[in-house]
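Same order as they appear, the protein sequences are chains A, B, C and D.
Going by our numbering, the first sequence opens with residue 55, and the numbers climb by one from there.
Going by our numbering, the second sequence opens with residue 55, and the numbers climb by one from there.
Going by our numbering, the third sequence opens with residue 55, and the numbers climb by one from there.
Going by our numbering, the fourth sequence opens with residue 55, and the numbers climb by one from there.
We put the CB at the ideal spot given by N, CA and C, even for glycine.
All of these numbers come straight from a predicted model, not from anything done at the bench.
There are 4 protein chains.
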Amino acid sequence: MVSVGIVGGSGYMGGEVLRVLLRHPHVDIAWVTSRSPGPIEEVHPNLYDTGLHFVRLEDVKTPDFVLLALPTGASIEVAVRFLQAGARVIDLGAAFRLHERHTWERVYGQPHAAWPLVHEAVYGMPELHAERIRTARLVANPGCFASAAILGLAPLLKAGLVEAQRLVVDGLSGTAGAGAEFSRAIHHPEIGGNVVLYNVVGHRHTYEMEQELRSVAHQGVHVHFTPCYIPIVRGIVDICRCFPTEALSRTQLLAVFRQFYQEQPFVKVYNQPQDVDDAWHYKPYPWVSAVAGTNYCYIGMDVDDERHSIVVMSVLDSVGKGGAHVAIENLNIMAGFARTAGLLDRGFHP
Amino acid sequence: MVSVGIVGGSGYMGGEVLRVLLRHPHVDIAWVTSRSPGPIEEVHPNLYDTGLHFVRLEDVKTPDFVLLALPTGASIEVAVRFLQAGARVIDLGAAFRLHERHTWERVYGQPHAAWPLVHEAVYGMPELHAERIRTARLVANPGCFASAAILGLAPLLKAGLVEAQRLVVDGLSGTAGAGAEFSRAIHHPEIGGNVVLYNVVGHRHTYEMEQELRSVAHQGVHVHFTPCYIPIVRGIVDICRCFPTEALSRTQLLAVFRQFYQEQPFVKVYNQPQDVDDAWHYKPYPWVSAVAGTNYCYIGMDVDDERHSIVVMSVLDSVGKGGAHVAIENLNIMAGFARTAGLLDRGFHP
Amino acid sequence: MVSVGIVGGSGYMGGEVLRVLLRHPHVDIAWVTSRSPGPIEEVHPNLYDTGLHFVRLEDVKTPDFVLLALPTGASIEVAVRFLQAGARVIDLGAAFRLHERHTWERVYGQPHAAWPLVHEAVYGMPELHAERIRTARLVANPGCFASAAILGLAPLLKAGLVEAQRLVVDGLSGTAGAGAEFSRAIHHPEIGGNVVLYNVVGHRHTYEMEQELRSVAHQGVHVHFTPCYIPIVRGIVDICRCFPTEALSRTQLLAVFRQFYQEQPFVKVYNQPQDVDDAWHYKPYPWVSAVAGTNYCYIGMDVDDERHSIVVMSVLDSVGKGGAHVAIENLNIMAGFARTAGLLDRGFHP
Amino acid sequence: MVSVGIVGGSGYMGGEVLRVLLRHPHVDIAWVTSRSPGPIEEVHPNLYDTGLHFVRLEDVKTPDFVLLALPTGASIEVAVRFLQAGARVIDLGAAFRLHERHTWERVYGQPHAAWPLVHEAVYGMPELHAERIRTARLVANPGCFASAAILGLAPLLKAGLVEAQRLVVDGLSGTAGAGAEFSRAIHHPEIGGNVVLYNVVGHRHTYEMEQELRSVAHQGVHVHFTPCYIPIVRGIVDICRCFPTEALSRTQLLAVFRQFYQEQPFVKVYNQPQDVDDAWHYKPYPWVSAVAGTNYCYIGMDVDDERHSIVVMSVLDSVGKGGAHVAIENLNIMAGFARTAGLLDRGFHP
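#1: State the start and end residues of the unbroken beta strand (DSSP E) segment that holds Y315(A).
#2: Check the Cβ of V287(C) against every Cβ in chain A and list those closer than 8 angstroms, keeping chain order.
#3: Between Y283(A) and chain B, is the shortest Cβ-Cβ distance under 9 angstroms, so that the two count as touching?
#4: Below 8 angstroms CB to CB, which residues in the same chain sit around I187(D) once its five sequence neighbours on both sides are set aside?
#5: Relative to the alpha-carbon of V56(D), which residue among P319(D), R142(D), V132(D) has its alpha-carbon at the smallest distance?
#6: Along the segment 245-272 of chain D, where does the CB come closer than 8 angstroms to a CB of chain A? Name the residues.
#7: Taking the alpha-carbon positions, what's the T280(B) to V161(C) distance?
#8: Under 9 angstroms between the Cβ atoms of I286(C) and V249(B)?
#9: Give the straight-line distance between the Cα atoms of V134(B) and F150(B), rounded to the nearest whole angstrom.
#10: According to DSSP, simplified to helix, strand and coil, what is L101(D)?
#11: Mapping the DSSP letters down to three states, classify T394(A) as helix, strand or coil.
#12: Can you tell which of L111(B), S201(B), L124(B) has the C-alpha that lies nearest to the C-alpha of K375(B)?
#13: Between R238(B) and chain D, is the shortest Cβ-Cβ distance under 9 angstroms, so that the two count as touching?
#14: Count the other CB atoms, across all protein chains shown, that sit within 10 Å of the CB of E235(A); report buried if there are 16 or more and exposed otherwise.
#15: Whose C-beta lies closer than 6 angstroms to the C-beta of A51(B) among residues of the same chain, with five residues either side of it excluded?
#16: What do you get for S90(A), buried or exposed, if any count of 16 or more other CB atoms within 10 angstroms of its CB means buried?
#17: Taking only three categories from DSSP, how would you classify G85(C)?
#18: Residues in the same chain with beta-carbon distance under 7 angstroms from T157(C), minus the five sequence neighbours each way, listed in chain order, please.
#19: Is the CB-CB distance between S227(A) and I144(A) below 9 angstroms?
#20: Here's the rule I'm using: 16 or more other beta-carbon atoms within 10 Å means buried, otherwise exposed. How should V330(C) be labelled?
#21: Could you tell me whether the Cβ atoms of R295(C) and D224(B) are closer together than 9 angstroms?
#22: Would you grab the beta carbon distance between P117(A) and V58(A) for me? Rounded to a whole angstrom, and I think it's under 8 angstroms.
#23: Against S343(A), what residues of chain D qualify as contacts under a CB-to-CB distance less than 7 angstroms, listed in chain order?
#24: Please check the pair V222(C) and V222(B), which I expect to be a contact at CB under 8 angstroms, by giving their CB distance rounded to whole angstroms.
#25: Contact defined as beta carbons within less than 8 angstroms: I believe C351(D) pairs with L205(D). What is the distance between those atoms, to the nearest angstrom?
#26: Identify the contact partners of S363(D) in chain A, using a Cβ-Cβ distance below 9 angstroms as the criterion.
#27: I need the boundaries of the beta strand (DSSP E) containing S368(D), first residue and last residue.
#28: In the segment 214-271 of chain B, which residue ranges form an unbroken alpha helix (DSSP H) of at least 4 residues, counting only runs that do not cross its ends?
#29: How far does the alpha helix (DSSP H) with P180(A) in it extend, from its first residue to its last?
#30: Checking contacts by CB at 9 angstroms: is P99(D) closer than that to chain C?
#31: Just mark A333(B) as buried or exposed, buried being the case when its beta carbon has 16 or more other beta carbons within 10 Å.
#32: Within its chain, find whatever has a CB closer than 7 angstroms to the CB of N349(C); leave out the 5 residues flanking it on each side and keep chain order.
#33: Beta-carbon separation of H403(C) and N100(D) under 9 angstroms?
#34: With burial defined as no fewer than 16 other Cβ atoms inside 10 Å of the residue's Cβ, what is the status of P340(A): buried or exposed?
#35: Please report the distance separating the alpha-carbon of A344(A) from that of M367(A).
#36: To the nearest whole angstrom, what separates the beta carbons of E272(D) and Q219(D), a pair I think is in contact under 8 angstroms?
The structure is reproduced here in structure tokens:
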């Protein structure tokens, strides 16, 4: 058993961490903080009658692990505090994800108050960095769009099969990804029946995608990424289009993905035949609703033989595999638990 | 450990039974049937890569327990087969719910092929009939609207606090309650942005509500029930209005419910003050989204002192506490397991 | 042609008034105000490239008619200003709806700054008060839930057919009814897949319903009203249950409604047979999606012969017949135009 | 005045044609057919009490114009019948859109029963072919995804500014685009909270896009197109990514679009600055909800200076500018009416 503190429990990420950890076999929840102390069910009605209360950050002791679900700027200071006190820290925000200081400061529009910590922070994607996560003091949990895109494109870039400068990703996000803070983009009357495109070039997650894929590809990459909100609550769908450097059959493509993920418990590679017109009723492509509330990422793919391009569809939950759940996967790895501990729940249908 | 067979695994009820039983600590899934054998993920994409396949009903052996998720007519014959072979049966359909034959045959528009079985069937609502469920061979799982209404009204009728002839219930249902079969009512273009009222008087579940509440009240009751579909997937909201026979304060009302459900693990009684105009942001009434995918029923209430009436809000998931999950609660009781085994997962927020 | 000014054009009500008046054959839009001047399409993207700009209230001249789409408190002062300047005023808010001062001040939680105006204000429901609207200087546009309930119940109360103390109304509202101001109740992650009950007893619109129905019934009435938000954008569904004072057939009921509304252009009475189980695919009850964006109210009904009660379903759009459109209907009546001018557009399907 | 017959009035396209033509100033609706004669409101509840009835195709006379809203195969035969009888025909289906027979027959999986008609059919996109539409006997209305993509990309290809082989289009569609026929993809429980990708390579509309853009570009083009359904009812969002052949500023890009569409009444080019992070609340990109139910197409764009690519966002309603409304625009042109007759209604907000 390890003790875990959650900083920022009143947001959607913090709430989901809490929900999963309440049933985790090897974790004691030491405390969960919020700016407004009180019963957690006033914020998270799913957790009615658990007896848990939010406490103030200034009142808590140092546990074994601290999970930070805070705005970017705020998490740096809190990370420093708990690292100095001896805890290991998983930051669900963006403070420690990018390795280049000038890029980070430009993209996030602020100076970084503790840049040296970035050098030891590990980008918390277990499929790429499990070994380094194991011993890390500080893990930087990936962004949700970035998680789906990196998982969807890494096998192709590792194998050198596609043009690295022409990776096109359109990302569809549920509104939970925008968070509990009110905004016009996810005000129901505005987003209901609508699609809200935003930051259509240069979205912050682009830089994570490029950093991690560059590292996999051993060459420069450009990800042309455009996000939008759609009126679903949970889920990320990254539709990735890329161009093969030489002819590639659907069978070969599938084999590349199957091999890349053969040891990975949470990535499921779909075998979806191309002739879906007749069969799709029974063989859908990956459905994002199926992974809501889980740590699973489903990946499907197809090849356009006529036009020589590849489509990869990568779906996950922004507060699941794209956020809270992968943070717990990282915790499991850091603590030496089974990597799947507390994370094997499947999603709903329907 | 007990062995459990699921008949009708390709519908939404059967799929949810399957999802929960896959992680149940004391159950072996013996088999799951469907008219179309094949990998279960072709129907239930949430269960990708579990290795399970649908089999044909005619090929299966008799397990300890059989759960039937079939159309009303079809389940009678199958129940007979497995009871005769020595299994205990939980029927998620309506075949064995009503005690009066002429009512059943009129409401369901068919003769009943095995009426004597109804005499031993127990209405599977653990909050009312746990003792009889324990030893039953045949349990008739309640209807979803009926579950919410009975749980919301039983405490008042038991205490004789309200007029039994004037129970008004409006039921809002997610589309999962309508099932996997296509219909105009839940075709997305028709129900998106819409409310589909149907069977606005004399809906079948009305008779279950009246039967069970009559039994609790020891007098005749009339439930004036009107259902509709709204564009959410999971969840039932029963808004119940009744008229107190004498003045009743909100505090007294709350005490009645708290006492009635004090031993019940899955019914949560909300204490929501009346002056919600300012406070509601932090103290919402029961939210149905919070119990989706779970075995919980949340109940809230209020008193209109000016007009002398009571509102009870009772929310649950039609394929959770209103269907698949309560079937497993009944299984737990019948098998002598902890009543909460496999059922303590909380819902999502958001 | 008359000149019309719109105060509060950046909200949903004001925007809808603007959309309809832009195509009205007899109206010149004099100006439209907002606290934030600028092109209207920055707020209302449907009106891209119309050339209209919001102006400040302090800069405008007095037109023939002023439509107020303001918070309750604010509209009183503005109404006074324009009435004194000689304009006729239609208030889309609640400032002048209730005739009893102590009720208004209790319900709206503030003293009323211009109570004498209430004596001349006409409750702007054309089906009840067309004659008085014609000559009014000040019209108080009804509340959305109240519009649907009054239209659904008035024929029964006028004819003395139902118990006036036992009118039960459950109101389902789209989120546009909650307005452009952010709140948790209509934050998409919270309301998506959810039903948000609020003010379940004593909602403000209750008092309008009771006032108008009392006047029709010539006796005291109690409306037991409970509202909720559901995840649709536009639309109000009032499900009304009442108890007949003597036996009433479905045919008689239909005749009562047909006669009451025979001269009314915007109320459509549905003839929906009771045996909908087989036929409903082709004969749905009134659908709220069908009246979104229009000035129509659809009313359906049924009789429960077994339990002696009546269901009336009344649907309209809260920013259509329940708000902006009926304001223009009132304007047409006041100005002596055809009552239907600019208002005959039908809704969408799907 | 011209007389117009509508074949296939019970589908969504036919219903929308009917709704708009009912208010068209220069059109008499001669008749509207359906396989199931009866009052139109049984299918289209928005048109309650119009007095219109569906009739059988075999019973109708030849009007001036016939609009076909039929499945692809069926429309060929009907088009032949009415052309021979002297009517002018607008086909809302795909029968006459593609100019290459082998492509058509492969893509639609059937032999074409009247190929010579294709030679005189005009692809019904007024922004490209208004002159030829004017005199056409037979107009082939474009597909919905194709309309958005062609309008979004034609200015760039005409000006030779982008690589013609690397046009990437992801298309998001509301469920109305899938039609009234039931299918799992748009069964509410399946699509609610979900994204349903389908035909991710080689979708039929791809060939229309390529044909029309090739013609504009005077060179071969490849459109890499992937569609999906999202849980909104009406609307198409085509997110188009392309690669400039030489450096292009946002200002230059905007000028190209502004000039291309300066004479076009229904295409609105958005001027949306790149720094949307702060300003987006008031300056959203094109919103598809704003054009639902209309003949407008909104186009926005941005340039990624860092990665040298262009995003074009093109939004319209699949049963509006992408279907029924553009058919009426074509009718207006053919009949010599004002091109905007009956089509100037704006969409809703919200």
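Once the coordinates are examined:
#1: Translated into the one-based positions of the first sequence, residue 315(A) becomes position 261. Where Y315(A) is concerned, there is no enclosing beta strand (DSSP E), given that its DSSP letter is neither H nor E.
#2: Here residue 287(C) corresponds to residue number 233 of the third sequence, with the count starting at 1. Residues of chain A with a Cβ closer than 8 angstroms to the Cβ of V287(C) are, in chain order, H242, P243, G246, G247.
#3: The residue you call residue 283(A) lines up with position 229 of the first sequence. Taking Cβ atoms only, chain B never reaches closer than 9 angstroms to Y283(A), which makes this a no.
#4: In the fourth sequence, residue 187(D) corresponds to position 133, counting from 1. Annotation for I187(D): V176, G178, P180, V193, N384, I387, M388 place their beta carbon closer than 8 angstroms to its own, counting only its chain and skipping 5 residues before and after.
#5: On the fourth sequence, position 2 is the one that residue 56(D) refers to. The shortest Cα separation from V56(D) among P319(D), R142(D), V132(D) belongs to R142(D).
#6: Taking 8 angstroms as the Cβ-Cβ cut-off, the segment 245-272 of chain D approaches chain A at G246, G247, N248, V249, V250, L251, Y252, N253, V254, V255, G256, given in chain order.
#7: If you number the second sequence from 1, residue 280(B) lands on position 226. If you number the third sequence from 1, residue 161(C) lands on position 107. A direct Cα-to-Cα measurement between T280(B) and V161(C) gives close to 30 angstroms.
#8: Within the third sequence, the letter at position 232 stands for residue 286(C). Within the second sequence, the letter at position 195 stands for residue 249(B). Result yes, Cβ atoms of I286(C) and V249(B) sit closer than 9 angstroms.
#9: The residue labelled residue 134(B) in the question sits at position 80 within the second sequence. The residue labelled residue 150(B) in the question sits at position 96 within the second sequence. Computed Cα separation, rounded: 12 angstroms.
#10: In the fourth sequence, the residue the question calls residue 101(D) occupies position 47. Residue state, collapsed to three classes: helix.
#11: In the first sequence, counting from the first residue as 1, residue 394(A) sits at position 340. For T394(A), the secondary structure class from DSSP, reduced to helix, strand or coil, is coil.
#12: Stepping through the second sequence from its first residue, residue 375(B) is reached at position 321. By alpha-carbon distance to K375(B), the top candidate from L111(B), S201(B), L124(B) is S201(B).
#13: Counting from 1 along the second sequence, the entry for residue 238(B) is found at position 184. Taking Cβ atoms only, chain D reaches closer than 9 angstroms to R238(B), which makes this a yes.
#14: For the purposes of this step, residue 235(A) is taken as the residue at position 181 of the first sequence. With a 10 Å radius around the Cβ and a threshold of 16 neighbouring Cβ atoms, E235(A) comes out exposed.
#15: Outside the modelled stretch of chain B, which goes from 55 to 404, sits residue 51(B), for which no answer is possible.
#16: Within the first sequence, the letter at position 36 stands for residue 90(A). With fewer than 16 other Cβ atoms inside 10 Å of its own Cβ, S90(A) counts as exposed.
#17: Working through the third sequence from its first residue, we reach residue 85(C) at position 31. It is Trp, not Gly, that sits at residue 85(C) in the sequence shown. The answer is strand: DSSP assigns W85(C) an E or B state.
#18: Here residue 157(C) is taken as the residue at index 103 of the third sequence, counted from 1. Closer than 7 angstroms at the Cβ level, and outside the excluded window around T157(C), lie Y261.
#19: As a working mapping, residue 227(A) is identified with position 173 in the first sequence. As a working mapping, residue 144(A) is identified with position 90 in the first sequence. Cβ distance not < 9 angstroms, so S227(A) and I144(A) don't count as in contact.
#20: Here residue 330(C) refers to the residue found at position 276 of the third sequence. Any answer about V330(C) is weak, because its pLDDT of 43 lies below 50 and its placement is not dependable; what the coordinates show is given next. So V330(C) ends up on the buried side.
#21: Here the question's residue 295(C) lines up with position 241 in the third sequence. Here the question's residue 224(B) lines up with position 170 in the second sequence. Yes, they are a contact pair.
#22: Mapped onto the first sequence, residue 117(A) falls at position 63. Mapped onto the first sequence, residue 58(A) falls at position 4. Between P117(A) and V58(A) the beta-carbon gap is near 6 angstroms, inside 8 angstroms, which marks them as a contact.
#23: Counted from its first residue, the first sequence places residue 343(A) at position 289. Within chain D, the residues near S343(A) are G247, N248.
#24: Numbered from 1 along the third sequence, position 168 holds the residue referred to as residue 222(C). Numbered from 1 along the second sequence, position 168 holds the residue referred to as residue 222(B). About 5 angstroms separates the two Cβ atoms, so the contact holds.
#25: Position 297 of the fourth sequence, counted from the first residue, corresponds to residue 351(D). Position 151 of the fourth sequence, counted from the first residue, corresponds to residue 205(D). Cβ-Cβ separation between C351(D) and L205(D): approximately 5 angstroms, consistent with a contact (criterion under 8 angstroms).
#26: Sequence index remark: in the fourth sequence, residue 363(D) carries index 309 (1-based). Per Cβ cutoff of 9 angstroms: R220, V222, V255, H276, H278.
#27: The count along the fourth sequence starts at 1 and reaches residue 368(D) at position 314. Per DSSP, S368(D) belongs to the beta strand (DSSP E) from 363-370.
#28: The segment 214-271 of chain B contains these whole alpha helix (DSSP H) runs: 242-245, 259-271.
#29: Counting from one through the first sequence, the residue named residue 180(A) turns up at place 126. Here the alpha helix (DSSP H) through P180(A) covers 180-189.
#30: On the fourth sequence, position 45 is the one that residue 99(D) refers to. True, the Cβ-Cβ gap to chain C drops below 9 angstroms.
#31: Start at 1 with the first residue of the second sequence, and residue 333(B) comes out as number 279. For A333(B), the predicted structure reports a pLDDT of 37, less than 50, and the residue's modelled location is therefore unreliable. A value from the coordinates is still provided. Result: exposed.
#32: On the third sequence, position 295 is the one that residue 349(C) refers to. Around N349(C), the same chain offers F320, G374, K375, H379, V380, E383, L397 as residues with beta carbons nearer than 7 angstroms, after the five sequence neighbours per side are excluded.
#33: The residue labelled residue 403(C) in the question sits at position 349 within the third sequence. The residue labelled residue 100(D) in the question sits at position 46 within the fourth sequence. Yes, the pair counts as a contact, with Cβ atoms nearer than the cut-off.
#34: For the purposes of this step, residue 340(A) is taken as the residue at position 286 of the first sequence. P340(A) comes out buried.
#35: Here residue 344(A) refers to the residue found at position 290 of the first sequence. Here residue 367(A) refers to the residue found at position 313 of the first sequence. Using only the alpha carbons, I get a separation of about 14 angstroms.
#36: The residue labelled residue 272(D) in the question sits at position 218 within the fourth sequence. The residue labelled residue 219(D) in the question sits at position 165 within the fourth sequence. The identity of residue 272(D) in the sequence shown is His, whereas the question assumes Glu. Going by Cβ atoms, the distance from H272(D) to Q219(D) rounds to 14 angstroms, so no, they are not a contact pair.
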